[in-house]
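Participant: Each protein sequence line maps, in turn, to chains C and E. Under numbering that gives the first Met the number 0, the residue at position 21 of the first sequence is numbered 20, and the numbers go up by one with no gaps. Under numbering that gives the first Met the number 0, the residue at position 45 of the second sequence is numbered 44, and the numbers go up by one with no gaps. From the three backbone atoms N, C-alpha and C, an ideal C-beta is built for every residue, glycine too.
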Amino acid sequence: MNPFYLLPLLLLAGCSSVTIDEFRSGSTSLNSGESIVILGRRHANNYETEPSLINCLQETMANKGLNVIPEQEFLDEFYPFFEPRTAPLNLPGINKLRSYDKLAQRMEQRNLRYLIWVDGNTETTSSVGSISCALVPGGGCLGFGSWDDEAGYESVIWDLKREVVAGRIHTSAKGTSYMPAVVIPIPLLAQVESEACKGLGKQLSEFFQPQGEPSHGVQN
Amino acid sequence: MTRRLAILALCLLLGSCSSSFRVKSQVPQPLVQPMPLTMGAYYPMALRNYRYEESNEAREDWNIEQGDAQMQMFSRVLSGMFKNLVELPAQSGSADLILTPVVEEFQYTVPRETRSKIYEVWFKYHLQLHEGSGRLVADWFMTSYGKTPTAFSTTDADGLELAIQMALRDAGAKLLMDFSRVPEIRQWMEQNLNKHTLAIRGEKP
Numbered sequence: 000m001n002p003f004y005l006l007p008l009l010l011l012a013g014c015s016s017v018t019i020d021e022f023r024s025g026s027t028s029l030n031s032g033e034s035i036v037i038l039g040r041r042h043a044n045n046y047e048t049e050p051s052l053i054n055c056l057q058e059t060m061a062n063k064g065l066n067v068i069p070e071q072e073f074l075d076e077f078y079p080f081f082e083p084r085t086a087p088l089n090l091p092g093i094n095k096l097r098s099y100d101k102l103a104q105r106m107e108q109r110n111l112r113y114l115i116w117v118d119g120n121t122e123t124t125s126s127v128g129s130i131s132c133a134l135v136p137g138g139g140c141l142g143f144g145s146w147d148d149e150a151g152y153e154s155v156i157w158d159l160k161r162e163v164v165a166g167r168i169h170t171s172a173k174g175t176s177y178m179p180a181v182v183i184p185i186p187l188l189a190q191v192e193s194e195a196c197k198g199l200g201k202q203l204s205e206f207f208q209p210q211g212e213p214s215h216g217v218q219n
Numbered sequence: 000m001t002r003r004l005a006i007l008a009l010c011l012l013l014g015s016c017s018s019s020f021r022v023k024s025q026v027p028q029p030l031v032q033p034m035p036l037t038m039g040a041y042y043p044m045a046l047r048n049y050r051y052e053e054s055n056e057a058r059e060d061w062n063i064e065q066g067d068a069q070m071q072m073f074s075r076v077l078s079g080m081f082k083n084l085v086e087l088p089a090q091s092g093s094a095d096l097i098l099t100p101v102v103e104e105f106q107y108t109v110p111r112e113t114r115s116k117i118y119e120v121w122f123k124y125h126l127q128l129h130e131g132s133g134r135l136v137a138d139w140f141m142t143s144y145g146k147t148p149t150a151f152s153t154t155d156a157d158g159l160e161l162a163i164q165m166a167l168r169d170a171g172a173k174l175l176m177d178f179s180r181v182p183e184i185r186q187w188m189e190q191n192l193n194k195h196t197l198a199i200r201g202e203k204p
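1. I want to see whether chain E comes within less than 9 Å of C/Tyr99, judged by CB atoms only; does it?
2. Residues of chain E with CB under 8 Å from C/Arg84, in chain order?
3. Which whole-angstrom value describes the C-beta separation of C/Val127 and C/Leu52, a residue pair presumed to lie in contact below a C-beta threshold of 8 Å?
4. Using the rule of at least 16 other Cβ atoms within 10 Å of the residue's Cβ for burial, across every protein chain shown, is C/Leu159 buried or exposed?
5. Within a Cβ cutoff of 6 Å, which residues of the same chain sit near E/Asn83, ignoring the five residues on either side of it in sequence?
6. Are there 16 or more other CB atoms within 10 angstroms of the CB of C/Val163, so buried, or fewer, so exposed?
7. Can you give me the C-alpha to C-alpha distance between E/Lys23 and C/Ala133, rounded to a whole angstrom?
8. For C/Glu70 and chain E, any beta-carbon pair shorter than 9 Å?
9. Any C-beta of chain C sitting closer than 9 Å to the C-beta of E/Gln176?
10. Which full runs of the alpha helix (DSSP H) of 4+ residues lie inside the stretch 23-93 of chain C, going along the chain?
11. Suppose you measure from the CA of E/Val136 to the CA of C/Leu203; what does that come to, to the nearest Å?
12. Might you give, ordered along the chain, the residues of its own chain that have their beta carbon closer than 6 Å to the beta carbon of E/Glu86, omitting 5 neighbours on each side?
13. For E/Ile117, which residues in chain C fall below 9 Å Cβ to Cβ?
14. Is E/Lys173 helix, strand or coil by DSSP?
15. What does the alpha-carbon distance come out to for the pair C/Asn66 and C/Ile130?
16. Could you spell out where the beta strand (DSSP E) holding E/Gln106 opens and where it closes?
17. Just checking: is the beta-carbon of E/Gln65 within a distance shorter than 9 Å of some beta-carbon in chain C?
18. Any residues in the stretch 24-45 of chain E with a beta carbon nearer than 8 Å to a beta carbon of chain C? Which ones, in chain order?
19. Suppose you measure from the CA of E/Val101 to the CA of C/Gln104; what does that come to, to the nearest Å?
20. For E/Pro148, report the span of its beta strand (DSSP E) as first-last.
21. Check whether the Cβ of C/Tyr152 lies closer than 8 Å to any heavy atom of the ligand ZN, and answer yes or no.
22. Can you name the residues of chain E whose CB is closer than 8 Å to the CB of C/Phe77?
23. Nearest CA to the CA of E/Glu112: which residue from E/Arg58, E/Glu53 and E/Gly66?
24. Would you tell me roughly how many angstroms separate the C-alpha atoms of E/Ala170 and C/Ser28, rounded to the nearest one?
25. If C/Cys140 and C/Pro87 are in contact, beta carbons under 8 Å, what's the gap, nearest whole angstrom?
26. In the structure shown, what three-state DSSP assignment does E/Val76 receive?
27. Please report how far the alpha carbon of E/Phe178 lies from the alpha carbon of C/Tyr152, in whole angstroms.
28. Look at the alpha carbon of E/Lys146 and the alpha carbon of E/Phe122, and state the distance between them as a whole number of angstroms.
29. At a CB distance below 8 Å, what residues from the stretch 104-121 of chain C approach chain E? Give them in sequence order.
30. For C/Asn221, count the other beta carbons within 10 Å of its own beta carbon; 16 or more makes it buried, fewer makes it exposed. Which is it?
31. Exposed or buried, what is C/Lys95 when buried is set at 16 or more other beta-carbons lying within 10 Å of its beta-carbon?
32. Can you grab the Cα-Cα spacing for the pair E/Thr108 / E/Glu119, in whole Å?
33. Please tell me whether C/Leu65 has its Cβ less than 9 Å away from any Cβ of chain E.
34. Work out the CA separation of E/Tyr42 and E/Pro88 for me, nearest whole Å.
35. Using the Cα positions of C/Pro179 and C/Leu187, report the straight-line distance between them to the nearest angstrom.
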């Protein structure tokens, strides 16, 4: 069999689903000139909120016309206050940090209105199957494997002007990837992290648009 | 002969049996109000030439040069913390205070050792603070930690370098945030700096 016939299969992907729950404590909007920053929580030692997810969220929101400060730029500009072990874990913590004159001035200069913390990760939870390959001329691979990936992200939005938690968004995503191998292995990957990013990014973008009624329990 | 070939094959599979690299510090300029003091930095040869050489035969043969990165981190942080920074050749000289940092311990883990998807690094520093006259003000230890996920790195060397850079950043942050919380330093500051200076740094006396 010509392996090139299998190439279109590469365009297929494993299946994934995303669930989003939103809590909003009041009206939220971003005035002209005000900015947002999205930061990943990295204080736990057994996982790390992926910078790739934060970059993806930042791009999604920036594409919607929101003024988002890139994470690394913010961390460098506000060093050492938002490092994994020094970042405030709650709103009273950031209010306490404002007693540092230079930090308060920089926040003012940047017109920082919302700080969004994203905490969680994507991990492989189970895998089954096996593939064996023969590294000899005329050999190849034969078998089948599949694995499940799960993502869970909790986002907390701090309104720095009103000094309140403006809302929380919980995002969970699941997906199963498959790898059939007949001569060559063909990965059919579930893009769990990017699906979580799409769902959360859309929800966050809508969060800062003026709207009437708060939404709860949105399913994507 | 067979054994040599086996070792060669294993080295090729692992990428290399001996890995050397020099760490670059990427600690940014701190956003703090400098104290109106002249700080001296005395970097002993143990810090200047600090390198980690792996002695455990079960691990990869690492040779990691860190002296320059350590000095750059301390200089960057101290120059932000104090109005003036001078580098001195001894633990006494023309400065209000003189900091002497030494790396006491370095530890690391790579993903295949912990079955996690992160590279981790720990530093333990021994810090001494003297007055210009040479009188010891404080003597304490400080730890720092850095980690990086495997997704960032193509090799163990890349992963470890990123984790070391994160640990250097953490060390700088710890020094900036905790320096005046060391009881002996706090006492010295209360005796030698006025309340206004402490207040504008966000430190209520």
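Facilitator: By the coordinates alone:
1. The residue labelled residue 99 of chain C in the question sits at position 100 within the first sequence. Using a Cβ-Cβ cut-off of 9 Å, C/Tyr99 counts as an interface residue toward chain E, since at least one Cβ of chain E sits closer than that to its own.
2. As a first step, residue 84 of chain C must be located in the first sequence, where it is residue number 85. Tyr144, Asp169, Ala172 and Lys173, listed in chain order.
3. On the first sequence, position 128 is the one that residue 127 of chain C refers to. On the first sequence, position 53 is the one that residue 52 of chain C refers to. Contact between C/Val127 and C/Leu52 fails: their C-beta atoms lie close to 26 Å from each other, not under 8 Å.
4. Stepping through the first sequence from its first residue, residue 159 of chain C is reached at position 160. By the Cβ-count criterion, C/Leu159 is buried, with 16 or more other Cβ atoms from all chains shown falling within 10 Å of its own Cβ.
5. Within the second sequence, numbered from 1, the residue matching residue 83 of chain E stands at position 84. Counting only residues of its own chain and dropping the five nearest sequence neighbours on each side, E/Asn83 has a CB closer than 6 Å to the CB of Thr37.
6. Taking the first sequence and counting its residues from 1, the one referred to as residue 163 of chain C is at position 164. Exposed.
7. Taking the first residue of the second sequence as position 1, residue 23 of chain E is located at position 24. Taking the first residue of the first sequence as position 1, residue 133 of chain C is located at position 134. Approximately 43 Å between the Cα atoms of the pair.
8. As a working note, residue 70 of chain C is residue 71 in the first sequence. Judged by the 9 Å Cβ criterion, C/Glu70 is not in contact with chain E.
9. On the second sequence, position 177 is the one that residue 176 of chain E refers to. First, the amino acid is wrong: residue 176 of chain E is Met here, not Gln. Residue contact check for E/Met176 against chain C: a CB pair falls below 9 Å.
10. Listed in chain order, they are 50-62 and 70-76.
11. Position 137 of the second sequence, counting from 1, holds the residue named residue 136 of chain E. Position 204 of the first sequence, counting from 1, holds the residue named residue 203 of chain C. E/Val136 and C/Leu203 have their C-alpha atoms spaced approximately 51 Å apart.
12. On the second sequence, position 87 is the one that residue 86 of chain E refers to. Within the same chain, Cβ atoms closer than 6 Å to the Cβ of E/Glu86 are found at Ala40, the five residues on either side in sequence being excluded.
13. Within the second sequence, numbered from 1, the residue matching residue 117 of chain E stands at position 118. Per Cβ cutoff of 9 Å: Asn44, Asn45, Tyr46 and Glu47.
14. As a first step, residue 173 of chain E must be located in the second sequence, where it is residue number 174. The DSSP-derived three-state label of E/Lys173 is helix.
15. Counting from one through the first sequence, the residue named residue 66 of chain C turns up at place 67. Counting from one through the first sequence, the residue named residue 130 of chain C turns up at place 131. If I take the Cα positions, the gap works out to 47 Å.
16. For the purposes of this step, residue 106 of chain E is identified with residue 107 of the second sequence, where counting begins at 1. Unbroken beta strand (DSSP E) run through E/Gln106: Leu96 to Thr108.
17. Reading the second sequence from its first residue, position 66 is the one you call residue 65 of chain E. No, E/Gln65 lies away from the interface with chain C (no Cβ there is under 9 Å from its Cβ).
18. Under the 8 Å Cβ criterion, the stretch 24-45 of chain E contributes Val26, Pro27, Gln28, Pro29, Leu30, Val31 and Gln32.
19. Working through the second sequence from its first residue, we reach residue 101 of chain E at position 102. Working through the first sequence from its first residue, we reach residue 104 of chain C at position 105. Their Cα atoms are separated by approximately 35 Å.
20. The residue labelled residue 148 of chain E in the question sits at position 149 within the second sequence. Residues Leu135 to Pro148.
21. Only the bare structure without any ligand can be found here, which leaves the ligand ZN out of the picture.
22. Taking the first sequence and counting its residues from 1, one reaches residue 77 of chain C at position 78. Result: Leu30.
23. What you label residue 112 of chain E is simply residue 113 of the second sequence in a count that begins at 1. Among E/Arg58, E/Glu53 and E/Gly66, the Cα nearest to that of E/Glu112 is on E/Arg58.
24. For this step, residue 170 of chain E is matched to residue 171 along the second sequence. For this step, residue 28 of chain C is matched to residue 29 along the first sequence. One C-alpha to the other measures close to 38 Å.
25. Here residue 140 of chain C refers to the residue found at position 141 of the first sequence. Here residue 87 of chain C refers to the residue found at position 88 of the first sequence. Not really, about 51 Å apart at Cβ, beyond 8 Å.
26. As a first step, residue 76 of chain E is located in the second sequence; it is residue number 77 there, counting from the start. DSSP places E/Val76 within a helical segment (H, G or I) once states are collapsed to three.
27. Numbered from 1 along the second sequence, position 179 holds the residue referred to as residue 178 of chain E. Numbered from 1 along the first sequence, position 153 holds the residue referred to as residue 152 of chain C. Note on geometry: alpha-carbon atoms of E/Phe178 and C/Tyr152 lie some 35 Å from one another.
28. On the second sequence, position 147 is the one that residue 146 of chain E refers to. On the second sequence, position 123 is the one that residue 122 of chain E refers to. Rounded to the nearest angstrom, the two C-alpha atoms are 12 Å apart.
29. The residues in question are Arg105.
30. No statement about residue 221 of chain C is possible, as the shown extent of chain C runs from 0 to 219 and does not include it.
31. Stepping through the first sequence from its first residue, residue 95 of chain C is reached at position 96. Residue burial annotation: C/Lys95 is exposed, with fewer than 16 other C-beta atoms found within 10 angstroms of its C-beta.
32. Here residue 108 of chain E refers to the residue found at position 109 of the second sequence. Here residue 119 of chain E refers to the residue found at position 120 of the second sequence. Rounded to the nearest whole angstrom, the C-alpha separation of E/Thr108 and E/Glu119 is 5 Å.
33. Along the first sequence, read from residue 1 onward, the residue named residue 65 of chain C stands at position 66. Output row for C/Leu65: interface = no.
34. Position 89 of the second sequence, counting from 1, holds the residue named residue 88 of chain E. Position 43 of the second sequence, counting from 1, holds the residue named residue 42 of chain E. When the Cα atoms are used, E/Pro88 and E/Tyr42 turn out to be separated by approximately 8 Å.
35. Translated into the one-based positions of the first sequence, residue 179 of chain C becomes position 180. Translated into the one-based positions of the first sequence, residue 187 of chain C becomes position 188. Between C/Pro179 and C/Leu187, the alpha-carbon positions lie close to 8 Å from each other.
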